[in-house]
Amino acid sequence: MQLSTKHLLGIRDLQPGDIQLILDTATQFKEVLQRPIKKVPTLRDVTIVNLFYENSTRTRISFELAEKRLSADTINFTASGSSAAKGETLLDTVNNILSMKVDMVVMRHSASGAPHFLSKHIPAAIVNAGDGINEHPTQALLDAFSIREKLGGLTGKKIAIIGDIMHSRVALSNIYLLKKMGAEVTLAGPPTLIPVHIREAFDVRVEYNLRKALEWCDVANVLRIQLERQNQPLFSSLREYSLAYGINKRLLDSLGKEIVIMHPGPINRGVELDSDAADSKQSIILHQVENGVAVRMAVLYLLAGGASRSAQ
Amino acid sequence: MKTILNEQQLEITIQRLTHQLLENHLNLENTVLIGIQPRGIYFSDRIIQHLKTLVNPSHIRYGKLDITFYRDDVRTGLHELNQTDIPFSIENSQVILVDDVLWTGRTIRAALDALLDFGRPSGVELCVLIDRRFSRQLPIQADYIGKSIDSIITQKVKVYWKEKDGKDEVTLL
């Protein structure tokens with residue numbers, strides 16, 4: 010029982026068996042989180058650094074909670090207010106931290122491939138918590154865990170990923186994972202936000218009409234419209250995007266079937282998702298957040314076992 | 004390979020242990036049984052079967068405990084995870100831990116830690132099918148013992164169960 014990789018850099022490097030193992034392990038950790046004492050001593054001799062070069066609320070809190078629930082020692086590093094602001098390189102920063110006997114690195118960086126680079130130069134196990142527009146593997150794993158919990162499995166399930174596919178690391182990790190686990194995937198959004206050759210590259214469907222995508226799917230994973238990219242002329246206005254691709258309760262009620270609504274957060278209420286849809290019974294957004302802790306505990310647990318094995 | 008208990012002896016031993024448990028915990032009013040995953044469960048399932056014929060089944064409270072997260076050897080390798088299912092409060096209860104083989108005592112140490120995270124029992128006892136004497140690494144002893152054996156560290160005790168392995172037998176390898 011072990012993962013085929015030493016690091017979790019992306020879903021791309023995982024085998025279907027790895028994904029299965031992580032999700033099954035997360036099920037056991039979810040049970041731990043229901044106990045009166047939501048903490049186990051499993052990683053009490055492991056030290057983990059959370060290296061965040063980019064802003065984050067959910068992912069960082071979720072990782073930190075997962076580490077604490079496993080009794081690991083944690084240190085938090087944020088780029089602002091650190092020596093990175095003085096010009097220290099990524100590798101120097103990490104080597105300095107590792108020289109203080111740190112076993113694992115959880116890392117978010119705005120440059121795609123930063124954790125891959127680091128994995129070639131340091132001995133510690135690395136968990137990618139989001140790198141640029143490349144991957145966000147733990148988000149895809151917790152999405153899959155939530156779908157599995159709600160629908161009983163992934164194989165043959167129809168998942169629509171809606172919104173800014175081009176800039177979304179959540180979308181890419183989800184596509185890799187869902188295809189590996191035998192689900193069907195449709196990408197929906199304005200043509201300017203969907204890469205042109207993605208259909209051939211990943212064997213997915215592409216749909217520019219939101220209603221058609223929703224009528225097809227079992228689960229709609231709605232992505233955040235990245236307001237910080239508003240100065241790029243990819244769609245004319247938020248208001249227009251919302252009219253064409255915004256999801257509200259009225260639209261959901263008119264589909265004639267009940268689909269599951271997911272969102273990786275943070276939600277732009279009234280843009281990609283209206284409040285009446287985000288807070289409806291069909292939405293499992295808060296379950297995703299809850300499951301995130303269990304899934305990250307599973308990842309850290311499985312990698313901690315592997316890290317020490319290779320060191321011996 | 005030497006047989007320690009054959010099918011018939013195993014059955015009689017489990018019956019005896021069940022009666023011994025009842026001797027000290029009449030009617031099981033404040034007593035709960037907790038089997039230790041993975042292989043203690045087959046043993047505790049058998050005890051529960053017998054208990055059901057002897058006391059009011061509604062008095063029986065039975066849970067399963069997986070100790071993997073409490074092991075002291077996570078760093079040397081990962082172990083298969085199993086389900087933990089304790090669907091009742093153990094606060095102020097008499098807990099009887101059930102496992103198949105007591106050897107170094109490390110599993111029971113982990114089980115005690117795990118158990119205390121579920122509440123504060125008024126007392127904990129240990130029931131094992133096989134006690135490998137003189138091989139303890141921690142000061143832990145059982146209260147109910149199916150059979151004590153003397154063995155050296157290189158030997159292995161294997162407990163076979165019909166449900167899992169197709170036969171009921173305990174052997175020393």
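One line per chain: the protein sequences are A and B, in this order.
One point on numbering: in the working numbering, the residue at position 213 of the first sequence is 222, and numbering is uninterrupted.
One point on numbering: in the working numbering, the residue at position 117 of the second sequence is 120, and numbering is uninterrupted.
Glycine included, every Cβ here is placed at the ideal spot set by N, Cα and C.
(message) If the cut-off is 9 Å on Cβ atoms, which residues from the stretch 13 to 39 of chain A count as contacting chain B, listed in chain order?
(response) Flagged, chain order: 33, 34, 36, 37 and 38.
(request) Can you tell me which of the three DSSP states residue 229 of chain A falls into? (result) Three-state result, residue 229 of chain A: strand.
(message) Please return the same chain residues whose Cβ sits closer than 6 Å to the Cβ of residue 103 of chain B, not counting the five positions on each side in sequence.
(response) A distance below 6 Å between beta-carbons, with the five flanking residues on each side excluded, links residue 103 of chain B to the following residues of its chain, in chain order: 42, 43, 46, 132 and 162.
(message) Checking 7 Å against the spacing of the C-beta atoms, do residue 35 of chain B and residue 93 of chain B come in under that value?
(response) In contact: residue 35 of chain B and residue 93 of chain B (Cβ atoms closer than 7 Å).
(message) So that I know if they touch, is there some Cβ in chain A lying closer than 7 Å to that of residue 87 of chain B?
(response) With 7 Å as the cut-off, residue 87 of chain B counts as an interface residue toward chain A.
(request) Can you grab the Cα-Cα spacing for the pair residue 177 of chain A / residue 218 of chain A, in whole Å? (result) Taking the straight line from one Cα to the other gives about 19 Å.
(request) For residue 313 of chain A, go through chain B and note every residue whose CB falls closer than 8 Å to its CB, in chain order. (result) The contacting residues are 77 and 78.
(message) Assuming contact is defined by CB atoms lying nearer than 7 Å, are residue 37 of chain B and residue 98 of chain B in contact in what I supplied?
(response) Yes; because the gap between Cβ atoms is below 7 Å, this pair is in contact.
(message) What ranges does the beta strand (DSSP E) occupy inside the stretch 33 to 115 of chain B, keeping only unbroken runs of at least 3 residues that lie completely in it?
(response) Whole beta strand (DSSP E) segments, 3+ residues: 34 to 39, 64 to 68 and 97 to 105.
(message) Taking only three categories from DSSP, how would you classify residue 3 of chain A?
(response) Absent from the structure is residue 3 of chain A, since the part of chain A shown begins at 10 and ends at 321.
(request) Could you confirm whether any beta carbon from chain A is found closer than 7 Å to the beta carbon of residue 83 of chain B? (result) Taking Cβ atoms only, chain A reaches closer than 7 Å to residue 83 of chain B, which makes this a yes.
(request) Look up residue 318 of chain A in the DSSP assignment and say whether it is helix, strand or coil. (result) Any reading at residue 318 of chain A must be qualified, since the residue scores a pLDDT of 45, below 50, and its modelled position is unreliable; no value is offered.
(request) Specify the secondary structure class of residue 92 of chain A as computed by DSSP and reduced to three states. (result) The answer is helix: DSSP assigns residue 92 of chain A an H, G or I state.
(request) Quick one: list the residues of chain B neighbouring residue 49 of chain A, beta-carbon separation under 7 Å, in chain order. (result) Those are 72 and 73, listed as they occur along chain B.
(request) Examine chain B for any beta-carbon lying closer than 7 Å to the beta-carbon of residue 3 of chain A, and answer yes or no. (result) In the structure as shown, chain A begins at 10 and stops at 321. Residue 3 of chain A is therefore absent and cannot be evaluated.
(message) For the beta strand (DSSP E) containing residue 147 of chain B, name the first residue and the last one.
(response) Following the DSSP letters along the chain, one finds residue 147 of chain B inside the beta strand (DSSP E) bounded by residues 147 to 153.
(message) Please classify residue 71 of chain A as buried or exposed, where buried requires at least 16 other C-beta atoms within 10 Å of its C-beta.
(response) It counts as buried.
(message) Please confirm whether residue 46 of chain A has its beta-carbon closer than 7 Å to some beta-carbon of chain B.
(response) So yes, residue 46 of chain A belongs to the interface.
(request) Could you name the residues of the same chain whose beta carbon sits closer than 6 Å to that of residue 146 of chain B, not counting the 5 residues immediately before and after it, in chain order? (result) Once the five neighbours on either side are set aside, the close Cβ partners of residue 146 of chain B are 128 and 129.
(message) Do residue 76 of chain A and residue 68 of chain A have their beta-carbon atoms positioned less than 7 Å apart in this structure?
(response) It is not a contact, given that the beta carbons lie outside the stated cut-off.
(message) Under 6 Å: does the beta carbon of residue 44 of chain B sit that close to some heavy atom of the ligand PLP?
(response) Ligands displayed in this structure: none; no statement on the ligand PLP is therefore possible.
(message) Excluding the 5 residues flanking residue 32 of chain A on each side, which residues of the same chain have their C-beta closer than 8 Å to its C-beta?
(response) Once the five neighbours on either side are set aside, the close Cβ partners of residue 32 of chain A are 150, 153, 154, 157, 304 and 307.
(message) Judging by CA-CA distance, which residue of A:229, A:12 and A:137 is the nearest neighbour of residue 30 of chain A?
(response) Cα-wise, what sits closest to residue 30 of chain A is A:12.
(request) Mind checking the stretch 21 to 52 of chain B against chain D and listing, in chain order, the residues whose C-beta falls within less than 7 Å of any C-beta there? (result) Within the model displayed, chain D is absent; protein chains A and B are what it includes.
(request) Work out the CA separation of residue 62 of chain B and residue 356 of chain A for me, nearest whole Å. (result) Absent from the structure is residue 356 of chain A, since the part of chain A shown begins at 10 and ends at 321.
(message) Taking the straight line between their C-alpha atoms, what separation do you get for residue 41 of chain A and residue 311 of chain A?
(response) The straight-line gap from Cα to Cα measures roughly 16 Å.
(message) Just to confirm the assignment: which complete beta strand (DSSP E) runs, minimum length 3, are found wholly within the stretch 262 to 313 of chain A?
(response) Complete beta strand (DSSP E) runs here, min 3: 269 to 271.
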